[in-house]
Amino acid sequence: MGQLWEFLSFAEPNIRYVTFGSILLCSSAAVVGSFIFLKKKALVGDAVAHSVLPGVCLGFILAGNKNPILLIAGAFVTGWLSLVTIDYISARSKIKEDTAIGLILSVFFGIGILLLTYIQHSGNAAQSGLDHFLFGKAAAMVSDDVNIFGGMAFVLIIAVALLFKEFTLISFDVDFAKTIGFPVKGLELVLTTLTVFAIVAGIQAIGVVLMAAILITPAAAARFWTNNLRKMIFLAAAFGGFSGLAGAYISYIAPAMPTGPWIVMVISVIAFFSFFFAPQKGIVMKLISRRAMAHQIQEENVLKLLFQLGQEDKNYFQQRSVGDIQARRPFNTKLLLSALERLKKQGFLEKGDDRWQFTQAGQKKGARMVKLHRLWEVYLTRYLRIAPDHVHEDAETIEHIITPDLEAKLEKLLEYPVKDPHESDIPYL
Amino acid sequence: MDAFWIILTGSFVSISCGLLGSYLILRRMAMVGDAISHAVLPGIVIAFLISGQRDSITMLIGAGVLGVLTTFLIEFLHKRGNLQTDASIGVTFTWLFALGIILISAYAGQVDLDQDCVLHGEIAYVPIDLWITSTGKIIGPRAVFITGSVLIIIISFIIIGYKELFLTTFDPAFAAAIDISTAMWHYLLMGAVSLATVASFESVGAILVVALLIAPPATAYLLTEKFLFMLILTAFLGIFISVTGYYLAVSIDGSIAGAMSTIAGLLFALAFLFSPKEGIIITWLKNRIIKKELSESF
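Chain order of the listed sequences is B and Z. The first sequence stops at residue 429 when you use the working numbering, and every number in between is there. The second sequence stops at residue 1298 when you use the working numbering, and every number in between is there.
Listed below in structure tokens is the structure:
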């Protein structure tokens, strides 16, 4: 705990540099990554990230030391080259895009490893620390690096802010963008360049191997929380920034640990939490709401059926057994019993020795369901000219989702009909 | 003799990977292969921690299970979570790979693996790790036997399931119609890919194994249209890659696995440019001749 306070107080200027650098790097990568994610180019990002390694090594061989400018330039060149090659191979041969991505990713990385091992064995003392580019080491950044990489991240964020509308358009509807005269080719070029930029900037903190995660995972996580692009990008940046902070902290307390994997672990935990528990879109939340919907449909069907039986017998409050209900409609016994119990709890039914009867509220709700069903049947026959014997199925599904608002509109539109197409009475309250 | 053992191991590894890779690239699942090769890492490390040795059956099973689980997870996120395929692949394997690296760093003392080994293997150490029987007889390098048995398993898998794999790859609808379970063969294939990845792991590492999975079959794919011939060609390319890769690495004192991937990429580039049917140069020349003929005939 003491270490956490020491870290968060930013007493040491070095911690301050490294922390702000990491946050800026990760959040700017997440911002650019959001567009990559929307363009479904996640794996291309992965390929570019791996492909910067030979560039870093070549930059080092040229400079003879870890001159950040030359390393960045090298990384930029091979990152770019990999993108061009992937496009060229998939456009000019029968090789599919996924194969081209995997091929370029592994071959470029292999060349990088060959060069890296060559440098390591060459005995140049300046090479120590070059392998930090593989898995990242936030704490290894010196203030010069932070200035350069942080500056790059800053430029990225500004560029995205300025071109926000254009990027949105080419992420969602390229054809429309072309039609209204946007320079789509040029914009895609800018976006790819920014991607390579983000990757090159991030490799100090995260490393080439896992760089793709910080591009894609925050965006994927944010996508589960909102449908609004602005909100999604802010969320992605926040998730990315938080994992950058966590990574810098881990780099501080555990110098033996590479930073990249920890940053990826933090952002992945956030992402998996979102995939499962985000309201509305999360897998678990979707299951829950689907279950609730299924329950609601069962309950409403039971009420509707009891009302129909009552209408036929002219006695709405007669007690009926499970058998009576199933004689009319073959509900699954277990599901029917649980629906009946839930309806009792909600106050729509009363139970007396294994027989069930409406309460006042239950009779009202049953009447409403029957009314909605029959109103919809009238609507279909009258406005869509569907034969009366074809309308039941559709009404059976729509009756559960008609809102009171829509109900009022339907009534008005159909002028309060009294009979449905099958000559049954439509109950009004 | 050392060179022989290293090249032999390299060939076993690249043939196993290349044969399975042929199916992967034709099924458009190259990146799933990439994902599996990354994702088996935590399985390997956990099995290591449990069994305490590197050539155990536990390790093969642990990693195999994790490989198949990865494909399950990718499909689950895609189908249930509505996450697009590329992102579900990307998120899943980076997470598992990160987990593997963290485990390695955390248990550095207990696990006989390091980050370098994860990235490019240590095929150069193959001849050192000998398999010695209880009577003291030296049989040969352990890795040769492990990768050799995996190669035999994979070749038998392909021979036994040739028809099923072929049909589920090229015409899944027809395969389903004649009662071949596409799902079962899909997961069997993924299991085989995991097995090949784990067996190759020590020799070439988790990332460069992707080069061996994809590059040789992609090269062969450009050179032939017959599937059986593509498999055979892939195998020969694998052997060629290990021989030349070894000598390239020795000559510049670099990683053998890195050199093998470099050669694999180079061969692909050659096929891409000069393949008699599809090559860029050949197509360009053909187009030029046609243009000339056309302009002369007018």
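Ideal placement from N, C-alpha and C gives every residue a C-beta, glycine not left out. Remember, it's a predicted structure, so these values are computed and weren't measured experimentally.
Proximity of chain Z to HIS121/B at the Cβ level (cut-off 8 Å) is accounted for by ASP1253 and GLY1254, in chain order. The residues VAL1040, LEU1060 and ALA1063, in chain order, have a CB closer than 6 Å to that of VAL1198/Z in the same chain once the five nearest residues on each side in sequence are set aside. Collapsing the DSSP output to three states places GLN357/B in a strand. In the three-state DSSP reduction, ARG290/B falls in the helix class (H, G or I). For the options GLY1258/Z, LEU1294/Z, LEU1222/Z and ILE1102/Z, the alpha carbon positioned closest to that of LEU1273/Z is the one of LEU1222/Z. Every beta strand (DSSP E) stretch that sits fully inside the segment 1113 to 1155 of chain Z and reaches 3 residues is listed by chain position as 1130 to 1132 and 1138 to 1141. For ASP425/B, the pairing in a beta bridge is given by DSSP as LYS419/B.
In the three-state reduction of the DSSP assignment, LYS231/B falls in the helix class. Rounded to the nearest whole angstrom, the CA to CA distance from ILE148/B to VAL190/B is 20 Å. Taking a 10 Å sphere around the C-beta of ALA212/B, we find 16 or more other C-beta atoms and assign the residue as buried. Scanning LEU343/B, ALA201/B, LEU210/B and LYS39/B for the CA closest to the CA of GLU299/B turns up LEU343/B. Annotated three-state conformation of SER128/B is coil, per DSSP. In its chain, beyond the 5 residues on either side, VAL18, THR19, SER22 and ALA138 have a beta carbon closer than 6 Å to the beta carbon of ALA248/B. At a C-beta separation below 8 Å, MET1031/Z has these neighbours in chain B: LEU43, ASP98, ILE101 and GLY102.
Per DSSP, reduced to three states, the secondary structure at ARG1080/Z is coil, with no helix or strand assignment. Nearest neighbour of THR85/B by Cα position, chosen from LEU114/B, ALA47/B, LYS66/B and MET285/B, turns out to be ALA47/B. Per DSSP, LEU349/B is one residue of the beta strand (DSSP E) stretching across 349 to 352. Close CB contacts of THR168/B within its chain, under the 7 Å cut and outside five residues either way in sequence, are with LEU229 (chain order). Annotated three-state conformation of ARG329/B is coil, per DSSP. When only Cα atoms are considered, VAL209/B and SER28/B end up about 18 Å apart. Close partners of PHE135/B in chain Z (Cβ separation under 8 Å): ILE1101 and GLN1115.
The bridge partners DSSP lists for SER321/B are ARG355/B. Within chain Z, the residues ALA1098, ILE1101 and ILE1102 have their CB atoms less than 7 Å from the CB of PRO261/B, given in chain order. Annotation for ARG1027/Z: THR1169 place their beta carbon closer than 7 Å to its own, counting only its chain and skipping 5 residues before and after.
Under the three-state reduction of DSSP, MET1029/Z is assigned to coil, being neither helix nor strand. Per the C-alpha coordinates, the member of LYS351/B, CYS57/B and GLU377/B positioned closest to GLN318/B is LYS351/B. In the three-state reduction of the DSSP assignment, GLN311/B falls in the helix class. For TRP1095/Z, the uninterrupted alpha helix (DSSP H) run begins and ends at 1085 to 1106, by DSSP. Boundaries of the alpha helix (DSSP H) harbouring LEU187/B: 184 to 206, taken from the DSSP string. In this structure, LEU25/B places its C-beta atom within 7 Å of the C-beta atom of ALA153/B. In its chain, beyond the 5 residues on either side, THR1168, PRO1172, ALA1175 and ALA1176 have a beta carbon closer than 7 Å to the beta carbon of THR1182/Z. Using a Cβ-Cβ cut-off of 9 Å, ALA1264/Z is close to LEU103, SER106, VAL107 and GLY110 of chain B, given in chain order. Excluding five sequence positions before and after THR1234/Z, the CB atoms of its chain that fall closer than 7 Å to its own CB belong to GLY1018, LEU1019, SER1022, PRO1216, PRO1217 and ALA1220, given in chain order. LEU1228/Z counts as exposed, since fewer than 16 other beta carbons sit within 10 angstroms of its beta carbon. With contacts defined by Cβ atoms closer than 7 Å, GLY1090/Z and GLY1205/Z do not form a contacting pair. Within chain B, no C-beta atom comes less than 9 Å from the C-beta of ASP1002/Z; the nearest is roughly 18 Å away.
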